[in-house]
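S.K.:
4 protein chains.
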Amino acid sequence: MSGILRLSHAEVRVPDLELALAYYTEVVGLIETTRDGDRAFLKGWDEHQHHSLILKSAPTYGLESLGFKVHEASDLDDLAAKIEQAGIETTRHAAGDLGPGSGDTVRFRAPSGHTVDLVHGMDQVGNAMPLLNPPIGPDNLTGMAPPRLDHIFLMAEDVDGVTDFFRDVLGFRLTEQIMSDDGYQLATFLERCHSTHDIAFLTGPDGGFHHVAFWVDDWNELRMGADKCAYHGVTVDAGPTRHGATRGCGLYFFDPAGNRNELYTGGYWFDPDDEPTTWTEAEMGRAIFYYQGQLNPAFMTVHS
Amino acid sequence: MSGILRLSHAEVRVPDLELALAYYTEVVGLIETTRDGDRAFLKGWDEHQHHSLILKSAPTYGLESLGFKVHEASDLDDLAAKIEQAGIETTRHAAGDLGPGSGDTVRFRAPSGHTVDLVHGMDQVGNAMPLLNPPIGPDNLTGMAPPRLDHIFLMAEDVDGVTDFFRDVLGFRLTEQIMSDDGYQLATFLERCHSTHDIAFLTGPDGGFHHVAFWVDDWNELRMGADKCAYHGVTVDAGPTRHGATRGCGLYFFDPAGNRNELYTGGYWFDPDDEPTTWTEAEMGRAIFYYQGQLNPAFMTVHS
Amino acid sequence: MSGILRLSHAEVRVPDLELALAYYTEVVGLIETTRDGDRAFLKGWDEHQHHSLILKSAPTYGLESLGFKVHEASDLDDLAAKIEQAGIETTRHAAGDLGPGSGDTVRFRAPSGHTVDLVHGMDQVGNAMPLLNPPIGPDNLTGMAPPRLDHIFLMAEDVDGVTDFFRDVLGFRLTEQIMSDDGYQLATFLERCHSTHDIAFLTGPDGGFHHVAFWVDDWNELRMGADKCAYHGVTVDAGPTRHGATRGCGLYFFDPAGNRNELYTGGYWFDPDDEPTTWTEAEMGRAIFYYQGQLNPAFMTVHS
Amino acid sequence: MSGILRLSHAEVRVPDLELALAYYTEVVGLIETTRDGDRAFLKGWDEHQHHSLILKSAPTYGLESLGFKVHEASDLDDLAAKIEQAGIETTRHAAGDLGPGSGDTVRFRAPSGHTVDLVHGMDQVGNAMPLLNPPIGPDNLTGMAPPRLDHIFLMAEDVDGVTDFFRDVLGFRLTEQIMSDDGYQLATFLERCHSTHDIAFLTGPDGGFHHVAFWVDDWNELRMGADKCAYHGVTVDAGPTRHGATRGCGLYFFDPAGNRNELYTGGYWFDPDDEPTTWTEAEMGRAIFYYQGQLNPAFMTVHS
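Heads up: the protein sequence lines correspond to chains R, Y, S and B, in order.
If you use my numbering, the first sequence closes out at 320, no skipped numbers anywhere.
If you use my numbering, the second sequence closes out at 320, no skipped numbers anywhere.
If you use my numbering, the third sequence closes out at 320, no skipped numbers anywhere.
If you use my numbering, the fourth sequence closes out at 320, no skipped numbers anywhere.
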């Protein structure tokens, strides 16, 4: 095995770290692993690694960086070489250098302007369950309690360009794409973990952040998540609904800083030799919101 | 990427091929791809490859062979070399040689006595949905209609031995194990696709076949599957229930020949650096049937 | 027992009877009982009575009439007397007079301008299942396949007035109400069958028809219903979502004529001595769409 | 409206009241309303009345009494007269006389030996939610958290006899019955609230108590209930499974004293003019456990 395994984590900017922490631990129901100055580290309850979400105190909302986990230590050198060959500078950071729990890291700036980390050896902290005769889960979970991070959705001015980079240089596979009538990619869905997407791009300003999605096990959890939103006065942006693209079901809502979150479930297994699915511009509404069949303009706006 | 990607297919013996076909297409709801003499080829509706289940006319029930899909053509040579190094003979078969749709294949006999194929390049036949602006699924599905194969569960006299072979030679990762009080493995769960198991072994006669499992998306589908069983007079063996080991939920039932099937959902994502979970012999009941907490003796009997 | 038992049926106008029939039988999945000239009679698969929905050929969409089932034959006389005492004329129709399957009927015009039937003794036609050792349901259901009618939602200029009439004269109980800042009722929910509502009224033009709702058993069925809509190109108006008022979950969509339908589930049991719940005008958005918290203006428009 | 409205409450014997309370509040998730000497009063979170379950300290497990709620105060006199006419003595108890919250009560001994209360005017204590702009539920529920009591299942030596009494004297309707090959009733299901059963009888010793069932909203809640059982080491007796009779789905488990509980969902609406369903003795297994199709002998044993 070699190369990128899956999406590892996202680092998100929040102006009020305490408020964001209260939201992410009590409403979303992530587990806080540690605090370190102006950053807090969180994970889904069933993740074993140190963190899948970092909250960073910053003047405004947005995405600071995202990280992918690689299979083996040697993948870092191989991928760094390919990225450099593609004319993009990389920096190397030893375990711990980028903060608590952080692994060996290759950092670079994607053509879409996003800071991307490739990571090996992040600290493993376990899922709070014994390795001997465990129950099927903790009994004291709070909020929506997603077991783990699922995918990230970004904006890029040149979706074709960044998609080529992710496919050719990083080895991602294209599962679905929405094509403009002029023949360029309006949105692309890319995976390494055989799901429908570890990462997706939508046409918009470079560096833009559309949402980060947490996995839940079924459609019922989306309703319970929406109940939690309503109970806590959290604005539901869209859903529970279904996507034509990926066939997954999702619920969108905002953290107190304005970063969009999704609870996501469903989708399908994607083999390396499966063909990507294409959506025409005319069917973009159905690709995004399969039931309503039309886009909510607010939903298409970059949020950070 | 290299090595084994996932479980590809199972070949199951049935004395009455017509009856078995009626059951697998109408009750289970698999799609028949083709017939070839005394064999019929089927797949889950969302599988793109030619088949994930082969029914073979034979005097009695049981497992004829199982197959794993590899990432790349070169994996076949690499794995064949490792298997030969382990003192096990392999044979090589060109695409089409082992039947309709079959890919390049390395065949060998596992230490547990099972015939195992490693396959690259099986025919892709698609999932009956367009690649342009598709709906989220066909509207005319029959029976339980699982989208795809999930895992296979076999018997072996020496579970420790075959588990070592699958880990050391084939590169599988151990996710869970049930240990006897004497310190040997009563059952092991092994994966390549980051789920809880592509294959599992239970102590029993070599060559034994416990069940083949098809994936469904949620707990609701298990109830609907059980409704289908009852409607068609198919014997439900156990469930809908939950397993302590893998945390997955399942429904067990028999095909007309006596081969055990499972509808399975749930489980969790397993990273290569996650630690396996261990169950003690005293907790084996809960590991298998989490709710009842005790084993159904019939369930533990090898069926073929 | 005496008085009104529950909502019995609705008669809906459709310009193209064939198209409407195709929609109600294939997409919604109702069972056609009979045709009679310009009318078609349908029922949910688990209803035993002759019809719960009548489609009537008419120049435009809208509600022709609605009917309630009473417990006993003598209830008809008692209720007719009360209605006449309230200054409203009634007419009496023998079984069969109002069409195939129709029972003894008292017909009158409610203060909101709607034609209302009180019915006893509609033909019982069974639910297509044997009364001896039945399965849990038919195996060949089509479309959304709701087992039965649930409630009806109407418009009235004077919601206070029609609500008083339904409570005082017909014996309905108020379960929930949305109050304007000026102290009048914007919407009311009324029941006889101990659910959250057999009928509801929303401020709007007299005689207006907001929607008719069919019961399904759970939230999962709403997603499957929405999948059916999308597959068949049926416009989803709202949902799957949840209501604050009644706590029920619903999916709204339109028949080809423009009549709004709902698939509904959830709600709660209401005892005769339970207190009604009140929503303020400021919270009306949450009362109707609990998750989004704001009204879709199109949703509030009378549709027929 | 007149007569019995629905099952109101059950009074269950427990040797260790503290242990039973811990179980019913933390595992089942009922709400404790009050304590009164050797009795504790509980209710489902969404019930408005003072109690639906009374735990009574007693040397062994079993049923002390059960109660039905009537529509109107005058129903008590009417029903008492009918019961006396049937040759059964009744006693009358003013509100409060039978304990905290108790309403006006007619008490008698059913032909099956069970103590039955008919109650009007039990204290209403609300469901802990505001009557103005409420959320869809409390956010701090514990355990399985059923919203309300559903039905009770008793044993009787002469099921035909007690069924006749419930139908003829108390006005219950028969929804389903299991008939012996000799033509007597092995089990009967009887309702007043238009569900499949408020009460059911199974052949067994007079005074026997099979189980008391709490309502949950869907099949998913049964899995979550079973997870709670397993987590807390509560013995699951059967399920999650489905019944052929009533079509409902259930999960059976025991309180620490040995009283059987059920979480129940599903079933169907029953009109007064619907015909009862009959099961033959040969199909009794499927009537009780629709999926396995055979009775668990332990399940058929009276437990108290």
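Don't be surprised by glycine CBs; every beta carbon is placed ideally from N, CA and C.
Predicted model only: the values in this text are computed from it and were never measured.
Does the region 142-149 of chain Y come close enough to the region 30-43 of chain Y to have 3 or more Cβ pairs within less than 8 Å?
M.R.: No, the region 142-149 of chain Y is not in contact with the region 30-43 of chain Y.
S.K.: Does S:TYR280 have its Cβ less than 9 Å from a Cβ in chain R?
M.R.: Start at 1 with the first residue of the third sequence, and residue 280 of chain S comes out as number 264. No, no contact with chain R.
S.K.: Assuming S:PHE225 and S:ASP253 form a contact by the criterion Cβ under 8 Å, report the distance between their Cβ atoms to the nearest whole angstrom.
M.R.: Position 209 of the third sequence, counted from the start, is the residue given in the question as residue 225 of chain S. Position 237 of the third sequence, counted from the start, is the residue given in the question as residue 253 of chain S. With 8 Å as the limit, S:PHE225 and S:ASP253 do not qualify as a contact, their Cβ atoms being about 14 Å apart.
S.K.: Throw me the rounded Cβ distance for the R:ASP52 and R:ALA89 pair, which I believe falls under 8 Å.
M.R.: The residue you call residue 52 of chain R lines up with position 36 of the first sequence. The residue you call residue 89 of chain R lines up with position 73 of the first sequence. With a Cβ gap of about 24 Å, R:ASP52 and R:ALA89 do not count as contacting.
S.K.: Could you say which of Y:TRP295, Y:GLY45, Y:ALA56, Y:LEU218 lies nearest to Y:ALA26 if we only look at CA atoms?
M.R.: Here the question's residue 26 of chain Y lines up with position 10 in the second sequence. Of the candidates Y:TRP295, Y:GLY45, Y:ALA56, Y:LEU218, the one whose C-alpha sits nearest the C-alpha of Y:ALA26 is Y:ALA56.
S.K.: Among R:TYR40, R:VAL132, R:MET145, which one has its Cα closest to the Cα of B:TYR247?
M.R.: The residue labelled residue 247 of chain B in the question sits at position 231 within the fourth sequence. Among R:TYR40, R:VAL132, R:MET145, the Cα nearest to that of B:TYR247 belongs to R:MET145.
S.K.: Do R:MET160 and R:GLY45 have their CB atoms nearer than 9 Å?
M.R.: Stepping through the first sequence from its first residue, residue 160 of chain R is reached at position 144. Stepping through the first sequence from its first residue, residue 45 of chain R is reached at position 29. The answer is yes: Cβ separation under 9 Å.
S.K.: Check the Cβ of S:ARG263 against every Cβ in chain B and list those closer than 7 Å, keeping chain order.
M.R.: Along the third sequence, one-based indexing puts residue 263 of chain S at 247. In chain order: ILE152.
S.K.: Which residue marks the beginning of the alpha helix (DSSP H) containing S:LEU238, and which one marks its end?
M.R.: Walking along the third sequence from the start, residue 238 of chain S turns up at place 222. Per DSSP, S:LEU238 belongs to the alpha helix (DSSP H) from 235-248.
S.K.: S:GLY266 lies in the alpha helix (DSSP H); which residues open and close that run?
M.R.: Taking the first residue of the third sequence as position 1, residue 266 of chain S is located at position 250. Unbroken run through S:GLY266 is the beta strand (DSSP E), 265-270; no alpha helix (DSSP H).
S.K.: Would you say S:GLY283 faces chain R, with C-beta separation under 9 Å as the test?
M.R.: As a working note, residue 283 of chain S is residue 267 in the third sequence. Chain R, which has no Cβ nearer than 9 Å to the Cβ of S:GLY283, makes this no.
S.K.: Check for me: the beta strand (DSSP E) holding B:ARG51 runs from which residue to which?
M.R.: Mapped onto the fourth sequence, residue 51 of chain B falls at position 35. Counting along the chain, the beta strand (DSSP E) containing B:ARG51 begins and ends at 47-52.
S.K.: Return the chain-ordered list of same chain residues with a C-beta closer than 8 Å to the C-beta of S:LEU238, the five sequence neighbours on each side being excluded.
M.R.: Numbered from 1 along the third sequence, position 222 holds the residue referred to as residue 238 of chain S. These residues qualify, in order along the chain: VAL232, GLY255, PRO256, CYS265, GLY266, LEU267, LEU279, THR281.
S.K.: If you draw a straight line from the alpha carbon of R:THR262 to that of R:THR212, how long is it in whole angstroms?
M.R.: Counting from 1 along the first sequence, the entry for residue 262 of chain R is found at position 246. Counting from 1 along the first sequence, the entry for residue 212 of chain R is found at position 196. Roughly 6 Å separates the two Cα atoms.
S.K.: With H, G and I counted as helix, E and B as strand and the rest as coil, what does DSSP make of B:TYR77?
M.R.: Stepping through the fourth sequence from its first residue, residue 77 of chain B is reached at position 61. In the structure shown, B:TYR77 sits in coil (DSSP, three-state: anything other than H, G, I, E or B).
S.K.: According to the Cβ coordinates, are R:LEU82 and R:LEU218 closer than 9 Å?
M.R.: Numbered from its first residue, the first sequence carries residue 82 of chain R at position 66. Numbered from its first residue, the first sequence carries residue 218 of chain R at position 202. Their beta carbons are not under 9 Å apart, which means R:LEU82 does not touch R:LEU218 by this criterion.
S.K.: Over what stretch of residues does the alpha helix (DSSP H) that includes R:VAL175 continue unbroken?
M.R.: Locating residue 175 of chain R in the first sequence gives position 159, counting from the first residue. Unbroken alpha helix (DSSP H) run through R:VAL175: 175-184.
S.K.: Determine whether the Cβ of Y:ASN143 lies closer than 9 Å to any Cβ atom of chain S.
M.R.: Sequence index remark: in the second sequence, residue 143 of chain Y carries index 127 (1-based). Not an interface residue.
S.K.: For Y:ASN236 and chain S, any beta-carbon pair shorter than 9 Å?
M.R.: Working through the second sequence from its first residue, we reach residue 236 of chain Y at position 220. Yes, Y:ASN236 counts as interfacial toward chain S.
S.K.: Quick check on the DSSP output: the alpha helix (DSSP H) that includes B:LEU95 runs from which residue to which?
M.R.: By 1-based counting over the fourth sequence, the position of residue 95 of chain B is 79. That run of the alpha helix (DSSP H) goes 89-101.
S.K.: Run through DSSP, which three-state label would R:PRO256 get?
M.R.: What you label residue 256 of chain R is simply residue 240 of the first sequence in a count that begins at 1. In the structure shown, R:PRO256 sits in a strand (DSSP, three-state: E or B).
S.K.: In chain order, what residues of the same chain have a beta carbon less than 8 Å from the beta carbon of B:GLU42, not counting five sequence neighbours either side?
M.R.: One-based indexing of the fourth sequence puts residue 42 of chain B at position 26. Around B:GLU42: THR158, GLY159, HIS248.
S.K.: Taking a contact to mean a Cβ-Cβ separation below 9 Å, would you say Y:PHE84 touches Y:ALA126 in this structure?
M.R.: Here the question's residue 84 of chain Y lines up with position 68 in the second sequence. Here the question's residue 126 of chain Y lines up with position 110 in the second sequence. Cβ distance not < 9 Å, so Y:PHE84 and Y:ALA126 don't count as in contact.
S.K.: Between S:TYR306 and chain B, is there a C-beta pair that is closer than 9 Å?
M.R.: Reading the third sequence from its first residue, position 290 is the one you call residue 306 of chain S. By this cut-off, S:TYR306 is an interface position.
S.K.: Starting from B:ASP152, trace the alpha helix (DSSP H) both ways and give me its first and last residue.
M.R.: By 1-based counting over the fourth sequence, the position of residue 152 of chain B is 136. Here residue 152 of chain B is Ile; the residue named in the question, Asp, does not match the sequence. Taken as a continuous stretch (DSSP letters only), B:ILE152 belongs to no alpha helix (DSSP H), as it is neither H nor E.
S.K.: Starting from the C-beta of Y:THR107, find all residues in its chain whose C-beta is less than 8 Å away, skip the five residues before and the five after it, and write them out in chain order.
M.R.: Indexing the second sequence from 1 puts residue 107 of chain Y at position 91. So the qualifying residues of the chain are VAL122, ARG123, PHE124.
S.K.: B:CYS209 to B:ARG22, Cα distance in whole Å?
M.R.: Start at 1 with the first residue of the fourth sequence, and residue 209 of chain B comes out as number 193. Start at 1 with the first residue of the fourth sequence, and residue 22 of chain B comes out as number 6. Each residue's alpha carbon lies about 5 Å from the other.
S.K.: Leaving out five residues before and five after R:MET195 in sequence, what residues of the same chain have Cβ atoms less than 8 Å from its Cβ?
M.R.: The residue labelled residue 195 of chain R in the question sits at position 179 within the first sequence. Excluding residues within five positions, the ones whose Cβ falls inside 8 Å are GLN201, LEU202, THR294, TRP295, THR296, GLU297.
S.K.: Which residues in the same chain as B:PRO292 place their Cβ atom closer than 7 Å to its Cβ, once the five residues preceding and following it in sequence are excluded?
M.R.: In the fourth sequence, the residue the question calls residue 292 of chain B occupies position 276. Answer for B:PRO292: LEU190, THR191, GLU192, GLN193, listed in chain order.
S.K.: Does R:TYR39 have its Cβ less than 9 Å from a Cβ in chain B?
M.R.: Residue 39 of chain R sits at position 23 when you count from the first residue of the first sequence. Closer than 9 Å: no.
S.K.: Quick one, which residues of the region 242-255 of chain R are near chain Y if we go by CB-CB under 7 Å, in chain order?
M.R.: Under the 7 Å Cβ criterion, the region 242-255 of chain R contributes no residue.
S.K.: Taking the C-alpha atoms as reference points, what is the distance between R:ASP92 and Y:GLY19?
M.R.: Here the question's residue 92 of chain R lines up with position 76 in the first sequence. Here the question's residue 19 of chain Y lines up with position 3 in the second sequence. Residue 92 of chain R is actually Leu in this sequence, not Asp. Spanning the two alpha carbons is a distance of roughly 19 Å.
S.K.: With a CB to CB cut of under 8 Å and the five nearest residues on each side skipped, what residues in its chain are close to R:THR49?
M.R.: Your numbering for residue 49 of chain R matches position 33 in the first sequence. Closer than 8 Å at the Cβ level, and outside the excluded window around R:THR49, lie PHE57, LEU58, LYS59, HIS66, HIS67, PRO116, GLY117, VAL141.
S.K.: Let me see if you follow: with CB-CB separation under 9 Å, is R:ASP62 close to chain B or not?
M.R.: Against the first sequence, residue 62 of chain R aligns to sequence position 46. Taking Cβ atoms only, chain B never reaches closer than 9 Å to R:ASP62, which makes this a no.
S.K.: Among B:ARG29, B:VAL30, B:ALA38, B:GLU63, which one has its Cα closest to the Cα of B:THR230?
M.R.: Counting from 1 along the fourth sequence, the entry for residue 230 of chain B is found at position 214. Sequence check: residue 230 of chain B is Phe here, not Thr. Here the closest residue by C-alpha is B:GLU63.
S.K.: With a threshold of 9 Å between beta-carbons, can Y:THR257 be considered close to chain R, or not?
M.R.: The residue you call residue 257 of chain Y lines up with position 241 of the second sequence. It does not; no Cβ of chain R falls within 9 Å.
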